[in-house]
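Q: Residue numbers (this note's numbering): 36 to 160.
This is the structure I want to talk about, given as structure tokens.
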Amino acid sequence: MAKLSRHEKRERRHKRIRKKIIGTPERPRLCVYRSLHAFYAQLIDDTGGQSKTLVSASSIDPEFVQLTGKRGGKSIEDVQKVAEILVKRATEKGIKKVVFDRGGFLYHGKIKAFADKCRELGLEF
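Set out below in structure tokens:
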């Protein structure tokens, strides 16, 4: 058997997680993705046969660019700013409780910083 790459391992972890986590309109799934250039987060409702994005934020979002003056921030501080934008948009839509989907990424570093900031700002998970 061939050795799995880091990307393939992450995808397998993500599939395993997705079998157990389902977002609803009352408690959507907070899905995160970390690329080499940017950080993305969205609240997803998985009911009704197909997934529907309720709220999204990223480090290439115009609001983030206006706040920081740069596009595609990768630092922990930038990830925390993305969390602030996401929580602000979620509270505008009346969303307080979510289910956290780490996307197969290890819960540490930027993923942990993002989750901690979301909790600090009032999201419950």
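All C-beta atoms, glycine included, are put in the ideal place defined by N, C-alpha and C.
Only a predicted model underlies this, so the values are computations on that prediction, with no experimental measurement involved.
Taking all protein chains shown into account, do 16 or more other C-beta atoms lie within 10 angstroms of the C-beta of R41, making it buried, or fewer, making it exposed?
A: exposed
Q: Buried or exposed: P63, going by 16 or more other Cβ atoms within 10 Å of its Cβ?
A: Its Cβ being crowded by 16 or more others within 10 Å, P63 is buried.
Q: Determine the DSSP secondary structure at L102, reduced to helix, strand or coil.
A: Helix at L102.
Q: What does the Cβ neighbour count give for L78, buried or exposed, with the cut at 16 atoms within 10 Å?
A: Around the beta carbon of L78, 16 or more other beta carbons sit within 10 angstroms, so the residue counts as buried.
Q: Taking DSSP as the reference, what is the three-state secondary structure of R137?
A: coil
Q: Taking 7 Å as the cut-off, decide whether the C-beta atoms of V114 and F140 are in contact.
A: no
Q: Could you give the residue range of the beta strand (DSSP E) that holds K54?
A: If you look at K54, you'll find it isn't in any beta strand (DSSP E); it sits in the alpha helix (DSSP H) that goes 41-55.
Q: With a CB to CB cut of under 6 Å and the five nearest residues on each side skipped, what residues in its chain are close to T88?
A: Within the same chain, Cβ atoms closer than 6 Å to the Cβ of T88 are found at Q77, I79, the five residues on either side in sequence being excluded.
Q: Flag K50 as yes when its Cβ comes closer than 6 Å to any non-hydrogen atom of the ligand FAD, and as no otherwise.
A: The ligand FAD is absent from the structure shown, which contains no ligand whatsoever.
Q: My assumption, with CB atoms under 8 Å, is that G107 sits in contact with H72. Please give the rounded CB distance.
A: 5 Å
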